[in-house]
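Peer 1: Residue numbers (this note's numbering), protein chains in the order written: chain H, 1 to 248; chain X, 249 to 572.
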């Protein structure tokens, strides 16, 4: 399994997709720090936890990375070489799940470093005294790692189920960015929001919900469980059903 | 590399693949591929060659029957790249990845040292292009890369789908030499082709497929026994034909002053002519032709689903399409 994970890492490293996606994730993270600081909205440690939680927005980028990890192999037919080397589809999927979870952690680290590099000097310049162990800051930082690690697997699973890169990536982005937000504000329908990936992220991170948002979120542990299901159910289904199809 | 050569026999038994409920791409196909020889896997486009090879390699699930390599199904072989090397017609590479990196990935999975990637790239003549992205590769270069990938694990069994496609004449000559060399080492080499002539010069054995069914299999010597043609030129063809017919050997005219003699040898024809006192100007065994053999076995001009249009050249071997 170590060989498989190393091989998956080399696959990611030897195309340039990871670099551009990482750049996008870091840019988004930087904007989510600069924006609130520039607007003078960051006055307390709790505000700072909000800022750090926003790094989780990179989950969309990690989702795309994971989805490309499967659909790219199908599109370019490298899946043939992959399966010839590792005939067990379960082993292939497990190796990919470990790889993309670790990649999610790496992206989280890069995004948080960008955020801290901007937020720490800015907070000091504003005369804030930050208590790092309090005000939900540890939960925000830890939550970003957890969310991004699991979203790598969510992307893989959705990619394995939908197979087609030109479907999986746009559908995933539109669902995560647009549809979830709409579902959260439609009366009656919004009760499902806590069980969507976005709802789970809101449960995990110390995010203050805006006005007009009155969905009752799950507790932290509930959010973790929901996101674990979103990660593993599609991946297992994808391995069982889709990847066992004939490779022609 | 290993002390005792592993068993590289490929056994295909009653292999069947039905696509979409009714297209029988492969129909109860059975044959054996022996180690130490080059076996040509022949048939027109759409005969089911690629589907068969993909079933042997565990990529396509058979509807019925099965296939083993060295007594095991491909999926049961531990670290298969070191036992079986395969290059498939549509085996593709990520366009943005370099050839060397593609092979490095496979090296890691198979637990091979990464220098093995450079070794096989040198072997197939891609040394200078190793660090270029596959996007810029020609068809011939992709074929070479596919072959490099197949050779990576120093396997005892090689399964190659249309490896000569896109290669220039030099490349094809080199490929033939490589096949001979590998078979000489006791390895199993199974090479598919829709161009019969391509395989004829290198294969010891052939498996001939048409419309998913086995037409014939065996060594070329067995299959062609009794089908050799001797070409004789003589100023007295009428007399010669008479002599041959008396000896029970059929002869047909092939242009003025030329006879085609089947079921004999140049020595025998020469002897008969000499004892009858018939002057000869030419006496030669004609190159055996796999295409003739194929058409005599299938009785059809094309493979695939269509009958030959009237007047079509029965030697034409056009692509038919359909499930390959």
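For glycine and all other residues, C-beta sits at the position ideal for the given N, C-alpha and C. The structure presented is a predicted model; accordingly, all values stated were derived computationally and were not measured.
In this structure, does DSSP put residue 58/H in helix, strand or coil?
Peer 2: Counting from one through the first chain, the residue named residue 58/H turns up at place 58. Looking at residue 58/H - three-state DSSP - the assignment turns out to be helix.
Peer 1: With respect to the alpha helix (DSSP H) encompassing residue 519/X, which residues constitute its N-terminal and C-terminal limits?
Peer 2: Mapped onto the second chain, residue 519/X falls at position 271. Residue 519/X -> alpha helix (DSSP H) spans 514–524.
Peer 1: Which same chain residues end up closer than 7 Å to residue 80/H when comparing Cβ atoms and leaving out the 5 residues on each side of it in sequence?
Peer 2: On the first chain, residue 80/H is found 80 positions in, with the first residue counted as 1. The residues are 247.
Peer 1: What residue from 16/H, 180/H and 54/H has the CA that sits closest to residue 36/H's CA?
Peer 2: One-based indexing of the first chain puts residue 36/H at position 36. Ranking 16/H, 180/H and 54/H by Cα distance to residue 36/H puts 54/H first.
Peer 1: Would you report the Cα separation of residue 252/H and residue 67/H, rounded to the nearest angstrom?
Peer 2: Any answer about residue 252/H is impossible in this case: the structure gives chain H only from 1 up to 248.
Peer 1: Grab me the residues of residue 567/X's own chain with a C-beta within less than 7 Å of its C-beta, minus the 5 sequence neighbours each way, in chain order.
Peer 2: On the second chain, position 319 is the one that residue 567/X refers to. Only weak support exists for where residue 567/X lies, its pLDDT of 39 falling under 50; the coordinates are left without a value.
Peer 1: Tell me whether residue 216/H is buried or exposed, calling it buried when 16 or more other Cβ atoms sit within 10 Å of its Cβ.
Peer 2: The residue labelled residue 216/H in the question sits at position 216 within the first chain. Residue 216/H should be labelled exposed.
Peer 1: How close, in whole Å, do the beta carbons of residue 435/X and residue 405/X come, if the pair is a contact with beta carbons under 8 Å?
Peer 2: Taking the second chain and counting its residues from 1, one reaches residue 435/X at position 187. Taking the second chain and counting its residues from 1, one reaches residue 405/X at position 157. Right, the Cβ-Cβ distance comes to about 7 Å (below 8 Å), so this counts as a contact.
Peer 1: Could you give the residue range of the beta strand (DSSP E) that holds residue 142/H?
Peer 2: As a position in the first chain, residue 142/H is number 142, starting the count at 1. No beta strand (DSSP E) holds residue 142/H; the alpha helix (DSSP H) holding it covers 137–162.
Peer 1: Please list, in chain order, the chain H residues whose beta carbon lies closer than 8 Å to that of residue 349/X.
Peer 2: Along the second chain, read from residue 1 onward, the residue named residue 349/X stands at position 101. By Cβ distance, chain H contributes 10 and 14.
Peer 1: Go through its chain and collect everything with a Cβ distance to residue 70/H's Cβ below 6 Å, but skip five positions before and after it.
Peer 2: On the first chain, residue 70/H is found 70 positions in, with the first residue counted as 1. So the qualifying residues of the chain are 156, 159 and 160.
Peer 1: When you compare the CB positions of residue 281/H and residue 183/H, do they come within less than 9 Å of one another, or not?
Peer 2: As shown, chain H starts at 1 and ends at 248. That puts residue 281/H outside it, with no answer to give.
Peer 1: Could you check where the alpha helix (DSSP H) with residue 183/H kicks off and where it finishes?
Peer 2: In the first chain, counting from the first residue as 1, residue 183/H sits at position 183. Looking at the DSSP string, the run of the alpha helix (DSSP H) that includes residue 183/H is 180–183.
Peer 1: So which residues on chain H does residue 353/X lean against when the C-beta distance must stay under 7 Å?
Peer 2: By one-based count along the second chain, residue 353/X stands at place 105. Per Cβ cutoff of 7 Å: 7, 10 and 11.
Peer 1: Just verifying my parser: in three-state terms, what is the DSSP assignment at residue 294/X?
Peer 2: Translated into positions along the second chain, residue 294/X becomes position 46. Coil, per DSSP.
Peer 1: Under a three-way DSSP split, which group does residue 436/X fall into?
Peer 2: Locating residue 436/X in the second chain gives position 188, where the first residue counts as 1. Residue state, collapsed to three classes: strand.
Peer 1: Identify the residues that DSSP records as bridge partners of residue 531/X: which are they?
Peer 2: For the purposes of this step, residue 531/X is taken as the residue at position 283 of the second chain. Per DSSP, 480/X.
Peer 1: Count Cβ pairs between the stretch 188–204 of chain H and the stretch 221–232 of chain H that sit closer than 8 Å; are there 3 or more?
Peer 2: With a cut-off of 8 Å, the stretch 221–232 of chain H and the stretch 188–204 of chain H count as touching, because enough Cβ pairs lie within range.
Peer 1: Given this structure, state the Cα-to-Cα distance separating residue 505/X from residue 487/X, to the nearest angstrom.
Peer 2: For this step, residue 505/X is matched to residue 257 along the second chain. For this step, residue 487/X is matched to residue 239 along the second chain. Near 11 Å, if we compare the C-alpha coordinates of residue 487/X and residue 505/X.
Peer 1: Note down, in chain order, every chain X residue with its Cβ under 7 Å from the Cβ of residue 83/H.
Peer 2: Taking the first chain and counting its residues from 1, the one referred to as residue 83/H is at position 83. Residues of chain X passing the Cβ test: 307.
Peer 1: Are residue 362/X and residue 352/X touching if we call contact CB-CB under 9 Å?
Peer 2: Position 114 of the second chain, counted from the start, is the residue given in the question as residue 362/X. Position 104 of the second chain, counted from the start, is the residue given in the question as residue 352/X. It is a contact, given that the beta carbons lie within the stated cut-off.
Peer 1: Check the C-beta distance from residue 82/H over to residue 73/H and give it rounded, since I have them as a contact under 8 Å.
Peer 2: Walking along the first chain from the start, residue 82/H turns up at place 82. Walking along the first chain from the start, residue 73/H turns up at place 73. With 8 Å as the limit, residue 82/H and residue 73/H qualify as a contact, their Cβ atoms being about 6 Å apart.
Peer 1: Can you find a CB in chain H that lies within less than 9 Å of the CB of residue 568/X?
Peer 2: For the purposes of this step, residue 568/X is taken as the residue at position 320 of the second chain. Low confidence applies to residue 568/X: its pLDDT is 37, below 50, so where it sits in the model is not reliable enough to give any reading.
Peer 1: Less than 9 Å between CB atoms is the rule here; does residue 340/X satisfy it with respect to chain H?
Peer 2: Position 92 of the second chain, counted from the start, is the residue given in the question as residue 340/X. Residue 340/X counts as touching chain H.
Peer 1: Give the range of the beta strand (DSSP E) segment to which residue 261/X is assigned.
Peer 2: As a first step, residue 261/X must be located in the second chain, where it is residue number 13. Taken as a continuous stretch (DSSP letters only), the beta strand (DSSP E) holding residue 261/X covers 258–267.
Peer 1: Do residue 470/X and residue 511/X count as a contact pair if the criterion is CB distance below 9 Å?
Peer 2: Here the question's residue 511/X lines up with position 263 in the second chain. Here the question's residue 470/X lines up with position 222 in the second chain. Taking 9 Å as the Cβ cut-off, residue 511/X and residue 470/X do not qualify as a contacting pair.
Peer 1: Give a yes or no on whether the minimum CB-CB distance between residue 275/X and chain H is below 9 Å.
Peer 2: Indexing the second chain from 1 puts residue 275/X at position 27. Output row for residue 275/X: interface = no.
Peer 1: What in chain H is Cβ-close to residue 356/X, meaning under 7 Å?
Peer 2: Residue numbering aside, residue 356/X sits at position 108 when the second chain is read from its first letter. Correct list: 3, 6, 7 and 10.
Peer 1: Distance check for residue 444/X and residue 481/X, CA to CA, integer angstroms please.
Peer 2: Taking the second chain and counting its residues from 1, one reaches residue 481/X at position 233. Taking the second chain and counting its residues from 1, one reaches residue 444/X at position 196. Taking the straight line from one Cα to the other gives about 28 Å.
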